[in-house]
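Chains as they are written, first to last, in the working numbering: chain A, 12 to 72; chain B, 110 to 352. The structure appears right after this line, and notes come after that.
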């Protein structure tokens with residue numbers, strides 16, 4: 012199947028490419044932020060800092 | 110698990126861990142179907158193939174307002190009910206809403222150039238959406254400027270609720286003022302004016318982008334809870350060292 016986008020193809024392709032890029036940046040930022048926070052929690056855990064509940068910094072129930 | 114249980118950040122983290130993989134899968138599947146249907150949609154008799162920009166522009170435009178609506182409800186949660194996750198939700202949503210609003214402006218501009226002959230016009234719809242984008246940026250700056258999260262939350266909640274006045278202005282701007290932007294064609298009294306061949310891919314893309322928002326929002330809320338946990342543990346560590 013071929014798709015003809017006509018004389019304004021560059022506008023259409025740029026729109027979809029920009030949307031893909033922005034969504035990828037958003038996903039990348041959230042994933043990297045998660046890794047950074049969990050790494051900092053692990054470091055705190057290793058240094059012996061625990062939550063008031065007594066659970067480790069990275070524990071979930 | 111009841112709704113009140115989710116007020117506990119630790120339980121919320123556990124729920125997020127279970128739900129996120131399913132949400133990611135559902136988003137990818139729906140986005141794939143939506144993009145495929147968008148590619149198959151016929152050219153418009155007036156706009157030609159540029160109508161395909163609609164399938165990406167309209168979901169982003171809807172979400173730009175929807176996310177501010179979510180933040181407004183979360184702000185009420187902060188100010189009225191003092192829900193522990195309300196300000197986490199509001200803070201997490203701001204950059205996501207800003208990204209959707211930026212995309213709505215950018216794709217609208219790229220659609221406007223071939224159809225209207227201009228990338229930008231200072232009319233009511235475009236200007237009010239630009240103001241929404243600037244408000245998102247202002248809100249993000251406010252969160253970063255105030256160090257104490259609870260003080261930042263209250264200030265951001267007030268700003269968010271004041272900013273919500275812009276939502277009906279955006280929605281009805283095309284009816285109240287002369288504008289290049291077309292009036293509502295999907296959510297309007299008397300039903301949609303769009304043909305099914307355009308309406309179905311548009312709704313699929315709208316649902317897919319909404320699922321994308323929910324997925325990103327839950328992941329960003331999880332990050333924010335972890336960030337606050339890091340902050341409180343670092344403060345605890347600092348006070349232990351000082352003692």
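Positions of the beta carbon are idealized from the N, C-alpha and C atoms, including for glycine.
Under the three-state reduction of DSSP, which class applies to residue i: helix, strand or coil?
i: residue 56 (chain A); result: helix
i: residue 284 (chain B); result: helix
i: residue 17 (chain A); result: helix
i: residue 300 (chain B); result: coil
i: residue 226 (chain B); result: coil
i: residue 232 (chain B); result: coil
i: residue 44 (chain A); result: helix
i: residue 196 (chain B); result: helix
i: residue 313 (chain B); result: helix
i: residue 122 (chain B); result: helix
i: residue 72 (chain A); result: Only weak support exists for where residue 72 (chain A) lies, its pLDDT of 44 falling under 50; the coordinates are left without a value.
Going along chain B in order, which residues have a C-beta closer than 8 Å to the C-beta of residue i?
i: residue 39 (chain A); result: None at all; the shortest Cβ gap to chain B is about 11 Å.
i: residue 35 (chain A); result: None at all; the shortest Cβ gap to chain B is about 11 Å.
i: residue 30 (chain A); result: 165, 169, 212, 216
Measuring CB to CB, does residue i end up less than 8 Å from residue j?
i: residue 310 (chain B); j: residue 19 (chain A); result: no
i: residue 268 (chain B); j: residue 248 (chain B); result: yes
i: residue 119 (chain B); j: residue 162 (chain B); result: no
i: residue 326 (chain B); j: residue 183 (chain B); result: no
i: residue 176 (chain B); j: residue 322 (chain B); result: yes
i: residue 264 (chain B); j: residue 188 (chain B); result: no
i: residue 355 (chain B); j: residue 181 (chain B); result: It is not possible to answer for residue 355 (chain B), since the shown part of chain B is limited to 110 through 352.
i: residue 245 (chain B); j: residue 293 (chain B); result: no
i: residue 37 (chain A); j: residue 342 (chain B); result: no
i: residue 193 (chain B); j: residue 318 (chain B); result: no
Note down, in chain order, every chain A residue with its Cβ under 8 Å from the Cβ of residue i.
i: residue 222 (chain B); result: 22
By alpha-carbon positions, which one of the options ends up nearest to residue i?
i: residue 307 (chain B); options: B:333, B:157, B:271, B:325; result: B:157
i: residue 29 (chain A); options: B:319, B:255, B:129, B:218; result: B:218
i: residue 281 (chain B); options: B:254, B:234, B:168, B:174; result: B:234
i: residue 190 (chain B); options: B:203, B:116, B:125; result: B:116
i: residue 252 (chain B); options: B:136, B:128, B:204; result: B:204
i: residue 121 (chain B); options: B:330, B:341, B:244; result: B:330
i: residue 32 (chain A); options: B:133, B:152, B:165, B:153; result: B:165
i: residue 305 (chain B); options: B:124, B:153, B:123; result: B:153
i: residue 17 (chain A); options: B:159, B:124, B:351; result: B:159
i: residue 185 (chain B); options: B:335, B:279, B:301, B:262; result: B:262
Determine the chain A residues that contact residue i at a beta-carbon separation under 7 Å, and present them in chain order.
i: residue 329 (chain B); result: 41
i: residue 336 (chain B); result: 48
i: residue 219 (chain B); result: 22, 25, 26
i: residue 148 (chain B); result: 14
i: residue 332 (chain B); result: 41, 44, 45, 48
Could you list which residues in chain B have their beta carbon closer than 7 Å to that of residue i, in chain order?
i: residue 51 (chain A); result: 339
Within 7 Å of chain A by C-beta, residues of the stretch 281-292 of chain B in sequence order: Listed in chain order, the positions of the stretch 281-292 of chain B with a beta carbon within less than 7 Å of a beta carbon of chain A would be empty, since no residue qualifies.
Near-chain A residues of the stretch 338-350 of chain B - C-beta to any C-beta below 9 Å: Result list: 338, 339, 341, 342, 343, 345, 346, 349.
Contact list for the stretch 196-211 of chain B against chain A, Cβ threshold 8 Å: For the stretch 196-211 of chain B, which is checked against every Cβ of chain A, the residues closer than 8 Å are 204, 205, 208, 211.
Contact list for the stretch 157-185 of chain B against chain A, Cβ threshold 8 Å: Answer in chain order: 157, 158, 159, 161, 162, 165, 166, 169.
Members of the stretch 313-327 of chain B near chain A, C-beta cut-off 8 Å: Residues 321, 325.
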